[in-house]
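Novice:
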Amino acid sequence: MSRFLYIIYLFGTMTMLTLMSDGASAQSIAGRYGGVQDGICIFDGGRYFLYGYATLAPGTYHVEKDRIRFVPDKPANTFIVFARENKNLHDSVRMYFNGFERGQTFLQLDNGKTRRVFNEGANCFNPPYVYEDAAVPSQITFSHVTDDYGVLKTDKNTESYRPDKKFNDFVFLYQKPNRYQEPFVGVITKEEGETVLQTSLTSRKFAKEPNDKETEEKMAYLSEGKAGEEVLYANRFYKLLTEIDTSEYTYDAGNQQYTAHGTKPEALTEEYNDVRILYKYEPLMPVLKEFRKPGKIDLPPLFYTTCEDPEKSYRYKPLEKPSTPPDAPLPTTAAPVEIK
15 MSRFLYIIYL FGTMTMLTLM SDGASAQSIA GRYGGVQDGI CIFDGGRYFL YGYATLAPGT
75 YHVEKDRIRF VPDKPANTFI VFARENKNLH DSVRMYFNGF ERGQTFLQLD NGKTRRVFNE
135 GANCFNPPYV YEDAAVPSQI TFSHVTDDYG VLKTDKNTES YRPDKKFNDF VFLYQKPNRY
195 QEPFVGVITK EEGETVLQTS LTSRKFAKEP NDKETEEKMA YLSEGKAGEE VLYANRFYKL
255 LTEIDTSEYT YDAGNQQYTA HGTKPEALTE EYNDVRILYK YEPLMPVLKE FRKPGKIDLP
315 PLFYTTCEDP EKSYRYKPLE KPSTPPDAPL PTTAAPVEIK
């Protein structure tokens, strides 16, 4: 979307005292607005992040007369692909899908027919979702359509990847477009002696609060300019981590494997939260972006799941009874340390 390709009607008539002015500075408005569950943190360096359940959306802002204009950082790609060489798979391939249950998504391998990732009307999700095939594809193509941001003819809703032949173990992340990726505006006001922030995203008002420890950690992380993952780690059950303390592990470059100190050589990851053994995945970039209509889908989906037919719904067999089910959705912008 070009700069501000939509109209925002902000708050109607305001009767409260506004604190914004032509002379308002970033230092005067910086702070955390909101509680533990959700809100917006404004930095004095022209950055902010919006936080909430499964959401961490950073961006930039500037003060313009009596309002603040927020511009979120948009992810470079809708689909994020990580890969590694897994010698145990030989010539076969394994693919882990994260976040795809939150939209209508499609997959094409090489020049084959397009398939849905999930069946229409899919519900009662029980991740992880891992697809296995006998042959490694030379091209992987993703497409999606959205309900809340309908795909336009000018939108590039399809991304194609051509991984090196050595890669046969993949992690796919889907970042469904949402309203937090679009610019919005806000004003800071004073109400009954309390400083509050109101934005065009919601009718709610967020009171200014002291920063908590978690907020401070997120602010420090974002201030380092980490807009996305440069590497990903996962155990054999696909518990995903974006950061680890490498000093606590021994690294085997041949297998791209990290083994925690004191772990026996013959040990295996026993449950979803077991991170004694981790594998390193490298990011891949798309070679083509285009608009494509899914068309008629004849093949069955990669994964079938429904509350009405649990016996036929997909289950990842190596993880029949995880100690802590990986059922939390992926954050809009991946948070540091762990992706659930």
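Per this note's numbering, the sequence shown starts with residue 15, numbered consecutively.
All C-beta atoms, glycine included, are put in the ideal place defined by N, C-alpha and C.
Three or more C-beta pairs under 8 angstroms: does that hold for the region 120-134 against the region 147-159?
Specialist: The region 120-134 vs the region 147-159: in contact.
Novice: Three-state secondary structure (DSSP) at Q195?
Specialist: For the purposes of this step, residue 195 is taken as the residue at position 181 of the sequence shown. It is helical.
Novice: Taking all protein chains shown into account, do 16 or more other C-beta atoms lie within 10 angstroms of the C-beta of P368, making it buried, or fewer, making it exposed?
Specialist: As displayed, the chain neither begins before 15 nor continues past 354, which places residue 368 out of reach and without an answer.
Novice: Where do the ends of the beta strand (DSSP E) carrying K222 lie?
Specialist: The count along the sequence shown starts at 1 and reaches residue 222 at position 208. Per DSSP, K222 belongs to the beta strand (DSSP E) from 219-223.
Novice: By a C-beta neighbour count over all protein chains shown, 10 Å radius and 16 as the cutoff for buried, is D58 buried or exposed?
Specialist: Reading the sequence shown from its first residue, position 44 is the one you call residue 58. Taking a 10 Å sphere around the C-beta of D58, we find fewer than 16 other C-beta atoms and assign the residue as exposed.
Novice: Per DSSP, which residues does N112 bridge with? Please list them.
Specialist: Counting from 1 along the sequence shown, the entry for residue 112 is found at position 98. The partner list for N112 (beta bridge, DSSP) reads L187.
Novice: Would you tell me roughly how many angstroms separate the C-alpha atoms of R108 and T273, rounded to the nearest one?
Specialist: The count along the sequence shown starts at 1 and reaches residue 108 at position 94. The count along the sequence shown starts at 1 and reaches residue 273 at position 259. If I take the Cα positions, the gap works out to 21 angstroms.
Novice: Give me the Cα-Cα distance between P332 and Y175, rounded to the nearest whole angstrom.
Specialist: On the sequence shown, residue 332 is found 318 positions in, with the first residue counted as 1. On the sequence shown, residue 175 is found 161 positions in, with the first residue counted as 1. If I take the Cα positions, the gap works out to 28 angstroms.
Novice: For D266, which beta-bridge partners are listed by DSSP?
Specialist: Position 252 of the sequence shown holds residue 266. Answer is Q271, bridged to D266.
Novice: Tell me whether G200 is buried or exposed, calling it buried when 16 or more other Cβ atoms sit within 10 Å of its Cβ.
Specialist: Here residue 200 is taken as the residue at index 186 of the sequence shown, counted from 1. Buried: at least 16 other Cβ atoms inside 10 Å.
Novice: If we count Cβ pairs, one from each stretch, closer than 8 angstroms, do we get three or more for the region 102-122 versus the region 179-196?
Specialist: yes
Novice: Measure the Cβ-Cβ separation of Y328 and T319 and say whether it is below 8 angstroms.
Specialist: What you label residue 328 is simply residue 314 of the sequence shown in a count that begins at 1. What you label residue 319 is simply residue 305 of the sequence shown in a count that begins at 1. Yes, Cβ-Cβ distance for Y328 and T319 is below 8 angstroms.
Novice: Look at the alpha carbon of L24 and the alpha carbon of V85, and state the distance between them as a whole number of angstroms.
Specialist: Residue 24 sits at position 10 when you count from the first residue of the sequence shown. Residue 85 sits at position 71 when you count from the first residue of the sequence shown. Because L24 sits at a pLDDT of 33, beneath the cut-off of 50, its placement in the model cannot be relied upon, and the following sentence gives the value as read from the coordinates. Rounded to the nearest angstrom, the two C-alpha atoms are 16 angstroms apart.
Novice: Going along the chain, which unbroken runs of the beta strand (DSSP E) with 3 or more residues stay wholly within the region 36-92?
Specialist: The DSSP assignment places 45-48, 53-56, 61-66, 69-78, 81-86 as complete runs of the beta strand (DSSP E) inside the region 36-92, in order along the chain (cut-off: 3 residues).
Novice: What three-state label does DSSP hand S174 in the structure shown?
Specialist: Position 160 of the sequence shown, counting from 1, holds the residue named residue 174. S174 falls in the strand class under three-state DSSP.
Novice: Find the nearest neighbour of F181 within the set E196, K253, S106, judged by alpha-carbon distance.
Specialist: Numbered from 1 along the sequence shown, position 167 holds the residue referred to as residue 181. When only C-alpha atoms are compared, the closest one is S106.
Novice: Straight-line CA distance for Q270 to Y143?
Specialist: By 1-based counting over the sequence shown, the position of residue 270 is 256. By 1-based counting over the sequence shown, the position of residue 143 is 129. Those two C-alpha atoms are separated by around 22 angstroms.
Novice: Going by DSSP in three states, K227 sits in which element: helix, strand or coil?
Specialist: Stepping through the sequence shown from its first residue, residue 227 is reached at position 213. The answer is helix: DSSP assigns K227 an H, G or I state.
Novice: Quick one: what's A149 bridged to in DSSP?
Specialist: Taking the sequence shown and counting its residues from 1, one reaches residue 149 at position 135. For A149, which the question treats as bridged, DSSP gives no partner whatsoever.
Novice: Below 8 angstroms on the Cβ atoms is my guess for F220 versus V210; work out the distance and round it to an integer in Å.
Specialist: Position 206 of the sequence shown, counted from the first residue, corresponds to residue 220. Position 196 of the sequence shown, counted from the first residue, corresponds to residue 210. 6 angstroms between Cβ atoms; contact.
Novice: I need the straight-line Cα distance from N133 to F317, nearest angstrom please.
Specialist: Along the sequence shown, read from residue 1 onward, the residue named residue 133 stands at position 119. Along the sequence shown, read from residue 1 onward, the residue named residue 317 stands at position 303. If I take the Cα positions, the gap works out to 7 angstroms.
Novice: Please report the distance separating the alpha-carbon of G53 from that of G268.
Specialist: For the purposes of this step, residue 53 is identified with residue 39 of the sequence shown, where counting begins at 1. For the purposes of this step, residue 268 is identified with residue 254 of the sequence shown, where counting begins at 1. Looking at the two C-alpha atoms, the distance is approximately 44 angstroms.
Novice: So what's L123 in DSSP terms, helix, strand or just coil?
Specialist: For the purposes of this step, residue 123 is taken as residue 109 along the sequence shown, with counting starting at 1. Strand.
Novice: So, at 7 angstroms on beta carbons, what are the nonlocal neighbours of L123 in its own chain, with the 5 sequence-adjacent residues on each side left out?
Specialist: Walking along the sequence shown from the start, residue 123 turns up at place 109. Within the same chain, L123 has close Cβ partners P151, I154.
Novice: Label V301 either buried or exposed according to how many other C-beta atoms from any shown protein chain fall within 10 Å of its C-beta, with 16 as the threshold for buried.
Specialist: Position 287 of the sequence shown, counting from 1, holds the residue named residue 301. With fewer than 16 other Cβ atoms within 10 Å, it is exposed.
Novice: Tell whether a beta-carbon distance below 8 angstroms holds between Y293 and A248.
Specialist: Reading the sequence shown from its first residue, position 279 is the one you call residue 293. Reading the sequence shown from its first residue, position 234 is the one you call residue 248. A contact, by the Cβ cut-off of 8 angstroms.
Novice: To the nearest whole angstrom, what separates the beta carbons of G60 and T69, a pair I think is in contact under 8 angstroms?
Specialist: Along the sequence shown, one-based indexing puts residue 60 at 46. Along the sequence shown, one-based indexing puts residue 69 at 55. Not quite, the Cβ-Cβ distance comes to about 21 angstroms (not below 8 angstroms), so this is no contact.
Novice: Is the Cβ-Cβ distance between F305 and D169 less than 8 angstroms?
Specialist: Taking the sequence shown and counting its residues from 1, one reaches residue 305 at position 291. Taking the sequence shown and counting its residues from 1, one reaches residue 169 at position 155. Going by C-beta atoms, F305 is nearer than 8 angstroms to D169.
Novice: What's the C-alpha gap between Y145 and G45?
Specialist: One-based indexing of the sequence shown puts residue 145 at position 131. One-based indexing of the sequence shown puts residue 45 at position 31. Looking at the two C-alpha atoms, the distance is approximately 44 angstroms.
Novice: Can you grab the Cα-Cα spacing for the pair F120 / N171, in whole Å?
Specialist: The residue given as residue 120 occupies position 106 in the sequence shown. The residue given as residue 171 occupies position 157 in the sequence shown. Near 10 angstroms, if we compare the C-alpha coordinates of N171 and F120.
Novice: According to DSSP, simplified to helix, strand and coil, what is E257?
Specialist: Position 243 of the sequence shown, counting from 1, holds the residue named residue 257. Three-state result, E257: coil.
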